[in-house]
Amino acid sequence: MVTYGIAELNSIKEKMSVAYLHGLNAKVNFALMESNKDFDGLQIDFKMANKKIGPGRTVASESHEINLQLKSVSISSASMIEEKEHEFVYTLSNDLQPLGTHYIILLVLPPDKDIETWHEVTPEYLLLRSTAYFYLVTKPLKPGKIHFDKSNVLNPVSLVELFDAAKKKDAL
Amino acid sequence: MQSNSIIPVSRFQDAFERVGWQKQTSQSGKYVIWTDPSDDDTWTRLPVSESDADYPIYQQKNLLILLYALDLPENQSNTTELASQLKAYNYKLINRIVGNQAFGSEAIPYELASVLPEKNIEAFRYFYATKVKKRTLLPIEKFEFNHTEQGSFVIPVSILVDDPQPSTVRLPSHTNLYLHQYLNAIEELMAIPQNQETDFADRVIAQSIDSKIVKDFFGRGESIARYKEKYVDRVKDISIGSKGSSLLDFGLKKEEKEFKEVDLGNIRPLKEDYLEVLENREVLSDESTLEADNVRIDVLVDSIDILGKAKFTVLAIDGIKNEKSFKARSGDLSKARLDKFADYFKTSQSLTLRGDIKKAKGKLGTIIVDDLEFSDSRPTLFDDPKTGGQNNKDN
Chain C
143 MVTYGIAELN SIKEKMSVAY LHGLNAKVNF ALMESNKDFD GLQIDFKMAN
193 KKIGPGRTVA SESHEINLQL KSVSISSASM IEEKEHEFVY TLSNDLQPLG
243 THYIILLVLP PDKDIETWHE VTPEYLLLRS TAYFYLVTKP LKPGKIHFDK
293 SNVLNPVSLV ELFDAAKKKD AL
Chain W
81 MQSNSIIPVS RFQDAFERVG WQKQTSQSGK YVIWTDPSDD DTWTRLPVSE
131 SDADYPIYQQ KNLLILLYAL DLPENQSNTT ELASQLKAYN YKLINRIVGN
181 QAFGSEAIPY ELASVLPEKN IEAFRYFYAT KVKKRTLLPI EKFEFNHTEQ
231 GSFVIPVSIL VDDPQPSTVR LPSHTNLYLH QYLNAIEELM AIPQNQETDF
281 ADRVIAQSID SKIVKDFFGR GESIARYKEK YVDRVKDISI GSKGSSLLDF
331 GLKKEEKEFK EVDLGNIRPL KEDYLEVLEN REVLSDESTL EADNVRIDVL
381 VDSIDILGKA KFTVLAIDGI KNEKSFKARS GDLSKARLDK FADYFKTSQS
431 LTLRGDIKKA KGKLGTIIVD DLEFSDSRPT LFDDPKTGGQ NNKDN
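So the sequence lines, in the order shown, correspond to chains C and W.
Counting from 143, one number per residue, gives the positions in the first sequence under my numbering.
Counting from 81, one number per residue, gives the positions in the second sequence under my numbering.
In structure tokens form, the structure reads like this:
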């Protein structure tokens with residue numbers, strides 16, 4: 143069995159969350175832009191737009207754009223995540239100031255010891271053995287517990303629905 | 081597509097108003113929401129404070145949103161230009177030199193590349209000062225040297241608009257109007273045949289083009305024509321034009337937004353006597369009369385002569401603009417005062433004198449200068465710092 147250092151393990155977890163997002167996006171085919179250095183310190187990893195403002199443009203109306211912050215954790219990381227009947231309780235370690243329509247996407251992976259099973263590649267398919275959950279950040283958060291409802295699974299249907307929150311300009 | 085410095089919120093507010101987007105303050109008070117009037121689903125948010133951590137993100141985004149509102153393609157050049165407009169509304173006086181390929185694309189003569197924008201600026205400043213109703217500064221601040229295409233050098237000069245019209249007005253700005261008039265005048269000037277002195281002079285006067293501008297373009301001394309002739313083998317073509325302000329010109333007609341490019345390719349210095357004949361006939365044709373003592377006289381300095389006198393174009397008396405500017409000469413001046421006038425001559429900025437003035441029909445006016453009351457020029461690239469600043473009393 144291969145063993146990994148903490149940094150390497152975290153890097154693999156991060157790549158799993160990116161792969162998960164790209165995998166879903168391949169289904170809905172939205173515009174997905176990785177954050178550039180402008181977003182340093184704002185904790186946004188990706189911007190996603192379900193409709194650009196016009197042909198030949200990279201920008202979207204606020205009503206068609208969401209910001210995604212990816213977190214990836216294995217269920218065995220007891221200090222980071224706790225599973226309850228209807229929710230996962232995740233420990234946020236830093237202050238968080240939402241930017242636009244801001245979601246935290248939490249990828250929950252099998253225990254670290256089962257790392258070899260996290261992905262499965264066969265001649266027929268590629269499988270990522272993990273599930274992501276979403277959480278809409280509507281106000282600044284302090285370090286502490288965040289509750290991810292187990293019904294908030296990120297899948298191609300819910301991904302489309304994430305944009306509903308972006309439409310609510312009267313609530314800004 | 082990066083804009084490195086912060087553009088104030090107020091500039092974005094003004095820009096969104098100019099393009100007709102609808103304003104709404106957010107419930108939290110943290111943002112102003114701007115919505116496309118033609119599509120309620122297209123909107124953006126603008127943080128109310130530049131100090132917000134997310135302001136740079138929205139600044140960059142709103143630049144791209146404004147390009148969309150202006151119907152301009154989203155590219156680096158338009159983004160940079162829009163950021164420049166948001167920092168300070170400006171028009172550009174464009175100077176273009178096309179090199180002769182036989183000498184290679186890098187072979188643009190420095191002297192010509194320096195004189196062309198310099199004389200173009202002087203001529204436009206002079207044109208503006210003599211046409212504009214009230215005494216107004218013409219701040220020219222930015223000087224760039226761009227190599228835009230092979231063999232073609234473009235030198236844009238920014239003319240800042242300090243006092244733009246309100247966003248609700250859909251009329252060309254003063255700068256827009258005078259740039260159009262100026263380019264028309266230069267085009268007319270270029271078309272006047274140089275066959276005979278008096279015929280040339282009469283046609284220049286009939287077009288209301290001042291001899292000072294003729295000198296900038298066709299003079300035998302420092303002029304565009306002189307250096308075009310000097311480098312005739314190395315330069316294929318030269319031209320001048322202008323570029324508008326996408327935000328100030330928003331909603332104008334196509335012909336109001338677009339500026340002509342005037343070809344100076346055939347420019348050559350005037351023959352001996354042409355300018356002297358023009359200046360004499362300019363004075364002879366001037367029917368204005370005037371006599372006033374101890375008045376404030378707004379002037380442009382046309383020339384300094386070796387006899388210690390200065391020649392002026394008189395723009396206004398006691399703050400009242402003349403129907404038509406006219407020429408006048410000073411009496412003998414001290415060296416210090418001549419030096420001061422020489423500074424203003426170099427920059428083509430107007431200044432105010434206090435003194436007595438007398439002007440008879442068909443004659444050159446005379447000014448007895450008591451005092452150089454104040455100046456409101458401010459330093460620019462071509463200015464001597466000594467002339468900058470307000471209330472420079474010269475005793």
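All C-beta atoms, glycine included, are put in the ideal place defined by N, C-alpha and C.
Extent of the continuous beta strand (DSSP E) run through residue i
{"i": "F302/W", "result": "The sequence shown places Glu at residue 302/W, rather than the Phe named in the question. Taken as a continuous stretch (DSSP letters only), E302/W belongs to no beta strand (DSSP E), as it is neither H nor E."}
{"i": "R434/W", "result": "431-439"}
{"i": "P136/W", "result": "Here P136/W belongs to no beta strand (DSSP E); instead the alpha helix (DSSP H) covers 135-149."}
{"i": "A191/C", "result": "188-191"}
{"i": "A477/W", "result": "Past the edges of chain W, shown from 81 to 475, lies residue 477/W, and the structure says nothing about it."}
{"i": "E247/C", "result": "The sequence given here places Ile at residue 247/C; Glu does not occur at that position. Looking at the DSSP string, the run of the beta strand (DSSP E) that includes I247/C is 244-251."}
{"i": "L269/C", "result": "268-270"}
{"i": "S235/C", "result": "Careful: S235/C lies outside any beta strand (DSSP E) and carries neither H nor E."}
{"i": "L240/W", "result": "232-240"}
{"i": "E335/W", "result": "Element bounds for E335/W: not the beta strand (DSSP E) but the alpha helix (DSSP H), 334-337."}
{"i": "D132/W", "result": "Segment: none, D132/W is in no beta strand (DSSP E) and carries neither H nor E."}
{"i": "E202/W", "result": "Segment 190-211 is the alpha helix (DSSP H) holding E202/W; no beta strand (DSSP E) there."}
{"i": "T393/W", "result": "390-397"}
{"i": "R376/W", "result": "370-384"}
Buried or exposed by the 16-neighbour rule on C-beta atoms within 10 Å, applied to residue i
{"i": "H227/W", "result": "Because H227/W sits at a pLDDT of 49, beneath the cut-off of 50, its placement in the model cannot be relied upon, and the following sentence gives the value as read from the coordinates. Answer is exposed; the Cβ neighbour count stays below 16."}
{"i": "I266/W", "result": "buried"}
{"i": "S322/W", "result": "buried"}
{"i": "E359/W", "result": "buried"}
{"i": "N152/C", "result": "exposed"}
{"i": "D306/C", "result": "exposed"}
{"i": "N178/C", "result": "exposed"}
{"i": "L380/W", "result": "buried"}
{"i": "N171/C", "result": "exposed"}
{"i": "K333/W", "result": "exposed"}
{"i": "H289/C", "result": "exposed"}
{"i": "A286/W", "result": "exposed"}
{"i": "S235/C", "result": "exposed"}
Residues near residue i in its chain [Cβ-Cβ closer than 6 Å; skip 5 each side]
{"i": "S159/C", "result": "L212, S214, L249"}
{"i": "I447/W", "result": "A408, S410, G435, I437"}
{"i": "R98/W", "result": "S247, L327, F330"}
{"i": "S201/C", "result": "According to the sequence as given, residue 201/C is Val; it is not Ser. Around V201/C: I195."}
Cβ pair residue i, residue j closer than 8 Å
{"i": "E204/C", "j": "F188/C", "result": "no"}
{"i": "D245/C", "j": "L278/C", "result": "The sequence shown places Tyr at residue 245/C, not Asp. Cβ distance < 8 Å, so Y245/C and L278/C count as in contact."}
{"i": "Y171/W", "j": "I235/W", "result": "no"}
{"i": "P285/C", "j": "P240/C", "result": "no"}
{"i": "D378/W", "j": "S430/W", "result": "yes"}
{"i": "S221/C", "j": "P253/C", "result": "no"}
{"i": "A281/W", "j": "R361/W", "result": "yes"}
{"i": "K292/C", "j": "F230/C", "result": "yes"}
{"i": "G442/W", "j": "V394/W", "result": "no"}
{"i": "L314/C", "j": "I113/W", "result": "yes"}
{"i": "G242/C", "j": "N209/C", "result": "yes"}
{"i": "E453/W", "j": "Y354/W", "result": "no"}
Beta-carbon proximity list for residue i, same chain, < 8 Å, skipping 5 on both sides
{"i": "F207/W", "result": "Y258, Q261, Y262, A265, D290, I293"}
{"i": "N374/W", "result": "R434, G435, D436, D450"}
{"i": "K167/W", "result": "S85, I87, R91"}
{"i": "L270/C", "result": "M158, A161, Y162, G165, W260, H261"}
{"i": "D412/W", "result": "L387, G388, K389"}
{"i": "L147/W", "result": "P153, E154, N158, T159, L162"}
{"i": "K211/W", "result": "Y258, Q261"}
Span of the alpha helix (DSSP H) around residue i
{"i": "G165/C", "result": "148-170"}
Below 8 Å, how does it come out for the region 150-160 of chain W and the region 272-291 of chain W: are there three or more Cβ pairs, yes or no? The region 150-160 of chain W, when compared against the region 272-291 of chain W, does not touch it at the 8 Å Cβ threshold.
Across the region 298-312 of chain W and the region 348-363 of chain W, are there enough close Cβ pairs to call them in contact, namely three or more that are closer than 8 Å? Yes, the region 298-312 of chain W is in contact with the region 348-363 of chain W.
Segment contact flag, the region 175-182 of chain W with the region 193-205 of chain W, C-beta cutoff 8 Å, min 3 pairs: Verdict: yes, contact present.
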